[in-house]
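There are 2 protein chains.
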Amino acid sequence: MINTRVAVAIHILALIASKPHEDLPSDYIASSVNTNPVVIRRILGMLKKEGLIRTTAGKAGASLTRPSSEITLLDVFRAVEPKDSLFAVHENPNPHCPVGKGIRSVLDRAFSEAQDALERNLSGETIEDILQDLFAEE
Amino acid sequence: MINTRVAVAIHILALIASKPHEDLPSDYIASSVNTNPVVIRRILGMLKKEGLIRTTAGKAGASLTRPSSEITLLDVFRAVEPKDSLFAVHENPNPHCPVGKGIRSVLDRAFSEAQDALERNLSGETIEDILQDLFAEE
DNA sequence: ACCACCTGTAACCATTATAATTACAGGAAA
DNA sequence: TTTCCTGTAATTATAATGGTTACAGGTGGT
Chain A
1 MINTRVAVAI HILALIASKP HEDLPSDYIA SSVNTNPVVI RRILGMLKKE GLIRTTAGKA
61 GASLTRPSSE ITLLDVFRAV EPKDSLFAVH ENPNPHCPVG KGIRSVLDRA FSEAQDALER
121 NLSGETIEDI LQDLFAEE
Chain B
1 MINTRVAVAI HILALIASKP HEDLPSDYIA SSVNTNPVVI RRILGMLKKE GLIRTTAGKA
61 GASLTRPSSE ITLLDVFRAV EPKDSLFAVH ENPNPHCPVG KGIRSVLDRA FSEAQDALER
121 NLSGETIEDI LQDLFAEE
């Protein structure tokens, strides 16, 4: 299963986007997510590294570097998920076996196409969409 | 990352499909995959449980229960991956926070759509396709 | 009946990823 | 200077994964 960082990161961004004029400390965000502030700061760090948010050391309040309608779930996924392939493939299949010999490249292709499908879907939804869903629900 | 069981299971099924008239012992399959025979038997067990193959205790040789063209990568994925959701979501977001309150259901929907996209892709490729790729490559 | 070969499965271990937590150096702003 | 904050290192518990040993019991040849 894909780690909860993706879910938490989306939660964080939705929170920031929903209160653009407030400076939310990591403790506040942590209490909304219900986890430890350090977990939040770690994820904020990854989002910052990817250029999705701005933060200032020592000062509360992260802000989006672009409109929430231009941050896709794929952007978030890529920011917090270091691995670039979703599917693991066994390392050393037997090269003397006709199947073992070619299986890696065949699996790599098939899995990468599947991952593309996933990522294409994720790129079709933005933080803004999440916010709208969130507040349309009530 | 998704475990190597999916990759190994596809490898196994391709091997079985490629030698329909031979009774392959788990040791033989293991040496093609390059792992321990018990790992193979464990995966064969899951594939059997899902009705994809037939085996006989004490006797070498698994066989497909239907043509390789009717076994999709999604069938394999589902057989060896017990979890039904691909994305994990944090357990107890704060219900007193407007974002925390609704985030679970919004994430569940978004993630389930993404997973659908992935699964739709996997269901479009069969073990037969894998075999053809494998032997077209040489 | 015996034996070699096999499957099915339990049990155990090492490795790794994750998430939670404590601790602390140092920035920001009053 | 004091308070509140971020950034990050270090540590821990937990869980999943894959490799391994061990063994009960089925299969089929002799």
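Chains as they are written, first to last, in the UniProt record's numbering: chain A, 1 to 138; chain B, 1 to 138. Every residue gets a Cβ at the ideal spot worked out from N, C-alpha and C, and that includes glycine. This one's a predicted model, so the numbers in the text were calculated from it and none came from an experiment.
_Three-state class that DSSP yields for A/L24 in the structure shown_ = coil
_Can you look up B/R41 in the DSSP assignment and give me helix, strand or coil?_
helix
_Proximal residues of chain A, C-beta to C-beta of B/V80 below 8 Å_ = Going along chain A, no residue has its Cβ under 8 Å from B/V80, so there is no contact; the nearest lies around 12 Å.
_B/V6 versus A/I130, A/Q115 and A/F87, residue with shortest Cα-Cα distance_ = A/F87
*Rounded straight-line distance, which links the Cα of A/S69 to that of A/D129*: 7 Å
*Own chain, CB closer than 8 Å to B/I10, minus 5 neighbours either side, in chain order*: L73, V76, I127 and I130
*Between which two residues does the beta strand (DSSP E) harbouring A/G100 extend?*
Element bounds for A/G100: not the beta strand (DSSP E) but the alpha helix (DSSP H), P98 to L122.
*State the Cα-Cα distance for the pair A/A60 and A/P25, rounded to the nearest angstrom.*
5 Å
*For B/R66, does the three-state DSSP call read helix, strand or coil?*
coil
*asked:* Can you give me the C-alpha to C-alpha distance between A/G100 and A/I40, rounded to a whole angstrom?
replied: 43 Å
_When B/L15, B/P20 and B/V38 are compared against B/S32, the one with the closest alpha-carbon_ = B/L15
*Rounded to a whole number of angstroms, what is the C-alpha to C-alpha distance between A/H21 and A/A57?*
18 Å
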